[in-house]
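Read through the structure below, which is laid out as structure tokens, and then see the notes.
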Amino acid sequence: MRAAVLESYGEPLRIESVPEPEPEPHGTVVEVEACGICRSDWHAWQGHGEWADDQVPLGQVLGHEPAGRVAAVGEDVTRLSVGDRVAVPFNLGDGACPHCLNGHGNVCDDGYALGFEQAAPGAFAEAVHVPHADYNAVELPANVASEEMAALGCRYVTAFHALSHRVDLGAGDWVAVHGCGGLGLAAVQLAAALGAGVVAVDVREDPLELASDLGATATVDASDVDDVPEAVATHTDGGAHVSIDALGRAETCRNSVECLRTRGTHVQLGLTTDAERGEIALPVDRMSRWDISFLGSRGMPPTRYDELLRMIATGRIDPGALVTRRVALSDVSDRLAAMTDYGTRGVEVVTDFGG
Ligand SMILES: [Zn+2]
Ligand SMILES: [Zn+2]
Numbered sequence: 001m002r003a004a005v006l007e008s009y010g011e012p013l014r015i016e017s018v019p020e021p022e023p024e025p026h027g028t029v030v031e032v033e034a035c036g037i038c039r040s041d042w043h044a045w046q047g048h049g050e051w052a053d054d055q056v057p058l059g060q061v062l063g064h065e066p067a068g069r070v071a072a073v074g075e076d077v078t079r080l081s082v083g084d085r086v087a088v089p090f091n092l093g094d095g096a097c098p099h100c101l102n103g104h105g106n107v108c109d110d111g112y113a114l115g116f117e118q119a120a121p122g123a124f125a126e127a128v129h130v131p132h133a134d135y136n137a138v139e140l141p142a143n144v145a146s147e148e149m150a151a152l153g154c155r156y157v158t159a160f161h162a163l164s165h166r167v168d169l170g171a172g173d174w175v176a177v178h179g180c181g182g183l184g185l186a187a188v189q190l191a192a193a194l195g196a197g198v199v200a201v202d203v204r205e206d207p208l209e210l211a212s213d214l215g216a217t218a219t220v221d222a223s224d225v226d227d228v229p230e231a232v233a234t235h236t237d238g239g240a241h242v243s244i245d246a247l248g249r250a251e252t253c254r255n256s257v258e259c260l261r262t263r264g265t266h267v268q269l270g271l272t273t274d275a276e277r278g279e280i281a282l283p284v285d286r287m288s289r290w291d292i293s294f295l296g297s298r299g300m301p302p303t304r305y306d307e308l309l310r311m312i313a314t315g316r317i318d319p320g321a322l323v324t325r326r327v328a329l330s331d332v333s334d335r336l337a338a339m340t341d342y343g344t345r346g347v348e349v350v351t352d353f354g355g
């Protein structure tokens, strides 16, 4: 089958013919119908993460936002059959450790990061293997298309887990979102759908317009104001209850912490770049003095995808609205390169695996 393989950091992915996966006894093989392209792919492609012992190995098939049809089922799998339409979470659990058994499969002791490690080849390929499929694969409602699920990708599930599970977001709360790439825009749309007022922050006009379309109450062009936290405070009557750094730069992280009101909560979703190498200086005295919380959040437990899928099935959110481009497997390298200069807008999805 065809797959896009990381052969050298920062160089075009090589389209190769690789062996079709065979299902493990506990796994299934899914024929990929759509797979989102994401800034996490860009980080992997750049070779980031060695400072956190998290660098993606060369030879990796990238791609972690697939949806498709079950093509083969291992002998121990009971819940899935050939032909079922499924989403494949990117943080896969083993279904057996204390975290998985307590509903926290996103931080499984023995989990897999789909498309980021050798044990879990990704879905920039015609087919992908899903380990522990009874636990991990998520059946799609009939009215949710594979392309919509791919657009949902890791961005919506990450934003939803942050807003609904890590933070107890209240209707009427103010949420600030720093960085309006795919993840930030998903956070904007979800926070609005969950009843919050949303201030979207970015340095580019286009994504801010898209944020308004998706439900942002106000926008702040950070290239246009001297003091971003002050601008957010103006729109939120004194500061956000919840603020998200969806980008992972020192400036966006600090702005996010500093735009909070007393007892506010910052959630770190973006991973840092070469410039920060995982470390950012923060106003910790101020955080201590005002009961500010700083939370990390990663993906979403596979066992809670149904909550988000119900929001799509009932029309409360529309991930398809974020899709700005459908591309072929051979275009992925170009689209990753476009992310280097923040030259993409919304979500781009691979839908043609033969081209
Ligand atoms: Zn586990
Ligand atoms: Zn992603």
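Under my numbering, the letters of the sequence shown match residues 1 to 355, in that order.
Ideal placement from N, C-alpha and C gives every residue a C-beta, glycine not left out.
The shortest C-alpha to C-alpha distance from Arg286 to any of Ile317, Pro21, Tyr305, Arg254 is the one to Arg254. Counting C-beta pairs closer than 8 Å gives fewer than three between the stretch 123-140 and the stretch 227-243, which falls short of the contact rule.
In the three-state scheme derived from DSSP, where H, G and I count as helix and E and B as strand, Asn255 is classed as helix. Annotation for Cys100: the continuous alpha helix (DSSP H) segment containing it runs 98-101. In this chain, Thr340 is not harboured by any beta strand (DSSP E); it is covered by the alpha helix (DSSP H) spanning 332-340. Rounded to the nearest angstrom, the gap between the Cα atoms of Gly111 and Gly36 is 21 Å.
Note: Ser293 is bridge-paired with Thr265 in the DSSP secondary-structure output. If you compare the alpha carbons of Asp173, Val82, Asn91, Ala150 with that of Gly264, the shortest gap goes to Asp173. A heavy atom of ligand 1 is found nearer than 7 Å to the CB of His99.
Around the beta carbon of Asp245, a 10 Å sphere encloses 16 or more other beta carbons of the protein chains shown; the residue is thus reported as buried. The Cβ neighbour count for Gly195, taken over all protein chains shown within 10 Å, is under 16; the residue is labelled exposed.
Residue side-chain check: Arg325 keeps its Cβ at 7 Å or more from all non-hydrogen atoms of ligand 2. Going by DSSP, Val188 is part of the alpha helix (DSSP H) stretching over 182-193. Between Gly299 and Ala151, the CB-CB gap reaches or exceeds 8 Å. When secondary structure is reduced to three states using DSSP, Ile280 falls in the coil class, being assigned neither helix nor strand. The C-beta separation of Gln55 from Gly47 comes to about 6 Å, placing the pair in contact by the 8 Å criterion.
Note on the stretch 64-134: whole alpha helix (DSSP H) runs with a minimum of 4 residues are 98-101, in chain order. For Arg204, no alpha helix (DSSP H) segment is defined, and its DSSP state is neither H nor E. Inter-residue distance for Pro66 and Pro19 is about 19 Å (C-alpha atoms, whole angstroms). Within the model, the alpha-carbon separation for Gly238 versus Arg261 is close to 6 Å. Put simply, the backbone Cα of Cys180 is about 35 Å away from that of Met1. Per DSSP, the continuous alpha helix (DSSP H) segment holding Glu147 begins and ends at 146-160. A check of alpha carbon separations from Arg310 across Thr340, Pro141, His165, Val73 identifies Pro141 as the nearest. Thr351 carries a strand assignment under DSSP once its states are collapsed to helix, strand and coil. Taking C-beta atoms under 8 Å as the contact rule, Gly95 and Trp45 fail to qualify, at a distance of about 30 Å. Relative to ligand 2, the nearest heavy atom lies less than 7 Å away from the CB of Ser40. With respect to Val167, Val198 sits apart: the two C-beta atoms are not nearer than 8 Å. By the neighbour-count criterion, in which a residue is buried when 16 or more other Cβ atoms sit within 10 angstroms of its Cβ, Trp51 is exposed. Around the beta-carbon of Ser146, 16 or more other beta-carbon atoms lie within 10 Å, marking it buried. Between the stretch 70-82 and the stretch 24-32 there are three or more C-beta pairs closer than 8 Å, enough to call the two in contact.
Burial is judged here by how many other beta carbons sit within 10 angstroms of a residue's own beta carbon; Gly105 has at least 16 and is buried.
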